[in-house]
């Protein structure tokens, strides 16, 4: 591990329960730390560390970190304004929704909103509402990035639909993750409890803290092979908040067959953060998980984002109820079972 | 620079999002704007006070309890900050609407 990566991990751990309060010197790596902090999306934690005297370094390096954070915040605020607009449009159309991830976590979990940047708007809607949600945003000027695979696919099988509004991406989610673990989750449960985040004079609906923690774990475990430090920090921060109901967390993970997901997420957080995670999470690392769930993790672990859908298609098919499999196979091109990955690639490449 | 206004004139912050930056600065972006405005120095404090104290004459006593400057000096600083808020479309004044309606 390089010096910049080591320092980034220490910065990502600032203020986490059980983290070392030692001063962090930036001079060893100089301004090379800036792109690392940007990639790991922890410039906000670094900027707060500078204010609190936890980060020390040459004034030029400190100035570079602050300037980079300023710029990221300018972008983040534009996206936040878009989140307010999307929520207002959905309210006016009567679409029940929940703001997910960055826009919500910045105002609920972060020590201060500027700690947490984000790059797009993520919003959850019910499967029955996703077509209308896409229509509402399209009428308001957004453009859908990929056509629906087959009529009815989004509402029945899709993880999310991505639209572009100007240069801002808006992801309308039906479930929190693609593939088999998306099939096994019960997204309607995410609408049972509601929390609000005040933005731009409006109360935007979002998940309750326990559901945010579930989502943070799924995002870390199933999102990228090497998740960014900001996402790992989300887990540690959420796990330390007062509103977490670990009994409900456990019940949800059992119902959603997500033990392998939490196991991987907690392991990744432990490996890179200097933080004490609560026993209720750590015990997932040592818990026995059925082989049928563990083996479903493997297809997610690809750095090739364009090949991810194809990699997940066979395991998604396997996880679906028998009655749903023909429609899914028809939509993604798996109908005869031959060379499924190639068939999906061909279909997406058409 | 914005037009002159009375110390009793009331102002309201427009719907916005904001972020605290390092070294006491603040970014404020109205929902209808494309880019944020940066507040520095005493402007973030006056911006915060404006939420519950909508005029110069309401803000000055609040700042007098925190600083040793004379009321006139403080009022000058508050007026300068509010002028900047007006120029950046961060505030509106319900009194402007009332004046138009009366006219």
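Chains as they are written, first to last, in the working numbering: chain Y, 1 to 350; chain E, 1001 to 1103.
Here a beta-carbon is modelled for each residue, glycine too, at the ideal position from N, C-alpha and C.
Nearest to residue 1084/E by alpha-carbon distance, out of 1025/E, 1047/E, 1016/E, 1034/E, is 1047/E. Per the DSSP secondary-structure output, residue 169/Y pairs in a beta bridge with 164/Y. Across the structure, residue 1045/E and residue 148/Y are spaced so that their CA atoms are roughly 50 Å apart. The C-beta separation of residue 206/Y from residue 197/Y comes to about 5 Å, placing the pair in contact by the 8 Å criterion. Those residues of the stretch 31-53 of chain Y placed with their C-beta closer than 8 Å to a C-beta in chain E are 47, 48, 50, 51, ordered along the chain. Contact with chain E is absent for residue 58/Y, since none of that chain's Cβ atoms lies less than 8 Å from the residue's Cβ. At least 8 Å separates the beta-carbon of residue 1010/E from that of residue 1088/E. In the assembly as shown, residue 46/Y is a buried residue. Its beta-carbon has 16 or more other beta-carbons within 10 Å. Contact with chain Y is found for residue 1015/E, since one of that chain's Cβ atoms lies less than 8 Å from the residue's Cβ. Beta-bridge analysis with DSSP links residue 144/Y to 163/Y.
Legend: CB atoms of the stretch 102-135 of chain Y lying less than 8 Å from CB atoms of chain E belong to residues 112, 113, 114. Within chain Y, no residue has its beta carbon less than 7 Å from that of residue 1039/E; the closest one is some 13 Å off.
By the neighbour-count definition (other C-beta atoms within 10 Å, threshold 16), residue 241/Y is an exposed residue. Residue environment: residue 1029/E is assigned as buried (16 or more neighbouring CB atoms within 10 Å of its CB, all protein chains considered). The beta carbon of residue 249/Y sits closer than 8 Å to the beta carbons of 210, 213, 214, 280 from its chain, once the five residues preceding and following it are set aside; these are given in chain order. Residues of the stretch 57-81 of chain Y whose Cβ lies closer than 7 Å to any Cβ of chain E, in chain order: 66, 69, 70, 73, 74, 77, 80, 81. Annotation for residue 1020/E: 1026 place their beta carbon closer than 7 Å to its own, counting only its chain and skipping 5 residues before and after.
Judged by DSSP in its simplified three-state form, residue 19/Y adopts coil rather than helix or strand. It is roughly 11 Å from the alpha-carbon of residue 323/Y to the alpha-carbon of residue 329/Y. If the five residues before and after residue 1043/E are omitted, its C-beta is found closer than 7 Å to the C-beta atoms of 1081, 1084, all from its own chain and listed in chain order.
For residue 267/Y against residue 186/Y, the beta-carbon gap comes to about 25 Å, at or over 8 Å, which does not count as contact.
Along the length of the stretch 1031-1068 of chain E, whole alpha helix (DSSP H) runs at least 4 residues long occupy 1043-1052, 1056-1064, reported in chain order. Of the candidates 179/Y, 217/Y, 292/Y, 155/Y, the residue whose Cα lies closest to the Cα of residue 285/Y is 217/Y. The three-state secondary structure of residue 28/Y, taken from DSSP, is coil.
Annotation: residue 87/Y to residue 107/Y spans about 16 Å, alpha carbon to alpha carbon. Inter-residue distance for residue 114/Y and residue 56/Y is about 20 Å (C-alpha atoms, whole angstroms).
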